[in-house]
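With full-length UniProt numbering, the residue at position 9 of the sequence shown is 9, and numbering never jumps. We put the beta carbon where it would ideally sit given N, CA and C, even for glycine. Before any comments, here is the structure.
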Amino acid sequence: MGVRRTAAGAAIAGLALGAALGAATRRRGERDSEARLGGHRGRPVTVVTDDGVQLAVDVEEAEAPEFAVVFAHGWVMNRHCWHFQREALKGRASLVFYDQRGHGGSSAGAFDACTIDRLGDDLAAVIDQAVPEGLPVVLVGHSMGGMTIMAFAARHPGRLAARVAGVTLLSTSSGQLGESTFGLPGPVGRLAPVVTSAMFERMRARAALIDRNVALKTRTNLPVTRYVAFGPGARREHVRFVNAMAAATPTEVMVGFYNDFRVHDKLKALAAFASVETLIMVGSRDRLTPKVHSHRIAEALPGARLHVIPGAGHMIGLERPEIVNEALSDLFHRASRRTAAPESA
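So, in structure tokens, the structure goes:
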């Protein structure tokens, strides 16, 4: 039994450590490949939140746009994770990509501000400062970004009713993440929540050391990223791309938001989406926010459209970009019809 507990603990400790770590040294060919991923740039904008955090924003303009699409990325990612959506949807609408606080090029703020509610307020600031007044908005959120949209709905229902025409929730959850097993089976999975939380707190205490130890990051994270973030058949360059974004996220920020995931509960906030076009998508092999979470969201929103992508993992925008982009384009069409309906009535 002791050997089993030791092995289980080691496996989960590796999983926990890996969520904050990533690759920083790669062969030249791999660096060149990854430079193409996430290499798009638009008009830079800085959004300042009410607690002084500066959010890095990137805007792709469109001629005579019907609406603006605001993309909110997931935990330990950044705005460049939307690479294939940016390529496919450019020109269809004004596209607004931003880094969540503490991620990518955005400042972090206080540790106790690493909460989903705070992210909902940040999204309100992005809409107010980066989207022209009067232009309808479609919100697209992946993982933590989907939770961000839920918090926005809960905390700013007036803004949502006035501005938002459509919502897309990709690989996300409205709550009950506190007992996540990360897809690990049996006793290892049952131990995961306890061991992960304990390990993350140890990591926070050693955050400065972890964040500067590139060799440790390189060795530890890559297989963990491959396991938790992707389904079968993932491309190596996509895994390394995601791994590098995770590596760039400060450990303290990673731990702060993980702690808030455990108490995240926005099921009641979903009711606000009943009045807008809503799309829900998830991979059937998602280990971070399994499909049961998307089914729970869909049950609360019977008018929403739910797509489960066979064989895909958590990073569906990279793994299955054609499917995601087609679904987004369809949502844009439905949102456009909805925004035009009052004028034609």
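Please name the residue in 193, 97, 263 whose C-alpha comes closest to that of residue 141.
97
Identify, in the order they occur along the chain, each residue of the same chain with its Cβ nearer than 8 Å to the Cβ of residue 333, setting aside the five sequence neighbours on each side.
none
For residue 70, name the three-state secondary structure that DSSP assigns.
strand
Could you give the distance in angstroms between the alpha-carbon of residue 193 and the alpha-carbon of residue 328?
34 Å
Could you compute how far the alpha carbon of residue 336 sits from the alpha carbon of residue 45?
26 Å
Going by other Cβ atoms of all chains shown within 10 Å of its Cβ, with 16 needed for buried, is residue 89 buried or exposed?
buried
For residue 217, count the other beta carbons within 10 Å of its own beta carbon; 16 or more makes it buried, fewer makes it exposed. Which is it?
When all chains shown are included, residue 217 counts as buried.
Over what stretch of residues does the alpha helix (DSSP H) that includes residue 199 continue unbroken?
186-205
Determine whether the beta carbon atoms of residue 58 and residue 79 lie at a separation below 8 Å.
Going by C-beta atoms, residue 58 is nearer than 8 Å to residue 79.
Hey, how far is the Cα of residue 303 from the Cα of residue 51?
Rounded to whole angstroms, residue 303 to residue 51 spans 36 Å at the Cα level.
Out of curiosity, what's the CA-to-CA distance linking residue 221 and residue 118?
28 Å
Exposed or buried, which one is residue 32 when buried takes at least 16 other CB atoms within 10 Å?
For residue 32, the predicted model reports a pLDDT of 42, less than 50, meaning its position is unreliable; a value from the coordinates is still stated below. Flag for residue 32 reads exposed.
Quick check on residue 136: does DSSP put it in helix, strand or coil?
Reduced to three states, the DSSP call for residue 136 is coil.
Which value, in whole angstroms, describes the spacing of the CA atoms of residue 280 and residue 202?
35 Å
Quick one: grab the DSSP three-state call for residue 147.
In this structure, residue 147 counts as helix in the three-state DSSP scheme.
Do the segment 95-114 and the segment 149-157 meet, that is, are 3 or more Cβ pairs less than 8 Å apart?
no
What does the alpha-carbon distance come out to for the pair residue 81 and residue 171?
Cα to Cα, residue 81 sits roughly 14 Å from residue 171.
Rank 54, 227, 63, 168 by C-alpha distance to the C-alpha of residue 276 and give the top, closest one.
168
Taking 8 Å as the threshold, find out whether the segment 294-302 comes into contact with the segment 310-324 through three or more Cβ pairs.
no
Out of 323, 66, 174, 39, point me to the one whose CA is closest to residue 267's CA.
Distances from the CA of residue 267 to each of 323, 66, 174, 39 were compared; the closest alpha carbon is that of 174.
By Cβ distance below 8 Å, which residues in the same chain neighbour residue 157 in space, the five residues on each side in sequence not counted?
272
Let me confirm a value: residue 94 is counted as buried when at least 16 other C-beta atoms fall within 10 Å, else exposed. Which label applies?
buried
Can you find the residues in the same chain that come closer than 8 Å, C-beta to C-beta, to residue 23, ignoring five residues on each side of it along the sequence?
For residue 23, the predicted model reports a pLDDT of 35, less than 50, meaning its position is unreliable; a value from the coordinates is still stated below. Result list for residue 23: 217, 218, 221, 222, 240, 243, 244, 247, in chain order.
Residue 142 by DSSP, collapsed to three states: which one?
strand
For residue 235, which of 259, 320, 181 has the nearest alpha-carbon?
Out of 259, 320, 181, 320 has the C-alpha closest to the C-alpha of residue 235.
Relative to the C-alpha of residue 47, which residue among 155, 121, 130, 213 is closest?
130
Have a look at 53, 133, 230 and flag the residue whose alpha-carbon is nearest the alpha-carbon of residue 164.
133
State the start and end residues of the unbroken alpha helix (DSSP H) segment that holds residue 281.
Residue 281 -> not in any alpha helix (DSSP H); beta strand (DSSP E) instead, spanning 277-283.
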